[in-house]
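In case it helps, this note's numbering puts the sequence shown at residues 1 to 177. Every residue gets a Cβ at the ideal spot worked out from N, C-alpha and C, and that includes glycine. Predicted model only: the values in this text are computed from it and were never measured. Below is one structure, written out as structure tokens; the observations come after it.
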Amino acid sequence: MLRLETPRLILIASTQEQVRDTVLNPQRFAQEVGAQLTSEWPPKNFHPFAPDIFAQMTSFPSQVGWWVWWILKRPEAGVPQSPVVIGYVGFKGAPTQVGSVEATYELTPSLMGRGYAGEALGALVQWAFTQPKVKRIVADTTPENMASKRTLEKCGFRFLELESDEDELVYLKLKAG
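Structure (structure tokens):
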């Protein structure tokens, strides 16, 4: 199992079964990742693209790490409980021919605004740039999503362009060196 850790979080690269189970059998999903679920699980934007992720993971089983990573919040020090799944972060596939990947993330609403998205995205960006093929990471957000814009900027992304056909702001982070 591919896993990353930060001071407050554990990131686990998803399996196909976990993508399926987070939608169809959340309790089995919780057991698979060894964590508790909040009443807000799964985040609202996950359902629409879960079938596509599952299909891509089926077609490209060796691309573990280039799709969804579950964000688990560690329990507070001294509290005997399991971690809690609070969202996901990841990419929309393996690096392209030019070394580009597109990042995505979402948290359960009650845990937004506490720095978890930035902590998770920062760890995943760091991991991605250790992979030889990755040269740049792009991400997008809507113009009105100030929290997401701040998260991207705190993680070192810079505004690149406005995609007029989708009304989204595109941000870019380049590999150092």
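- Judged by beta-carbon spacing, residue 149 lies within the 8 Å limit of residue 141, meaning their Cβ atoms are closer than that value.
- According to DSSP, residue 66 shares a beta bridge with no other residue.
- For residue 136, the enclosing beta strand (DSSP E) stretches over residues 136 to 141.
- Counting C-beta pairs with one atom in each stretch, the segment 24 to 38 and the segment 93 to 105 have fewer than three that are closer than 8 Å, which means they do not touch.
- Using a 10 angstroms sphere on the CB of residue 152, the tally of other CB atoms reaches 16 or more, which defines it as buried.
- For residue 121, the enclosing alpha helix (DSSP H) has its first and last residue at 116 to 128.
- DSSP, reduced to helix, strand and coil, places residue 85 within a strand of the structure shown.
- Straight through space, the alpha carbons of residue 145 and residue 63 are spaced by roughly 30 Å.
- Looking at the DSSP output, residue 100 bridges to 136.
- Residues of the same chain with a CB within less than 8 Å of the CB of residue 11, apart from the 5 flanking positions on each side, are 3, 4, 5, 69, 70, 71, 72, 89, 120, 123 and 124 in chain order.
- Residue 169 sits in a strand when the DSSP states are folded into three classes.
- Here residue 13 has 2, 64, 65 and 69 as same chain residues with Cβ atoms under 6 Å from its own Cβ, once five neighbours each way along the sequence are excluded.
- By the criterion of a C-beta distance shorter than 6 Å, residue 45 is surrounded in its chain by 106, once the five residues flanking it on both sides are discounted.
- Of all alpha-carbon atoms in 74, 126, 58 and 111, the one lying nearest the alpha-carbon of residue 7 is that of 74.
- Just measuring C-alpha positions, the residue of 175, 16 and 43 sitting nearest residue 59 is 16.
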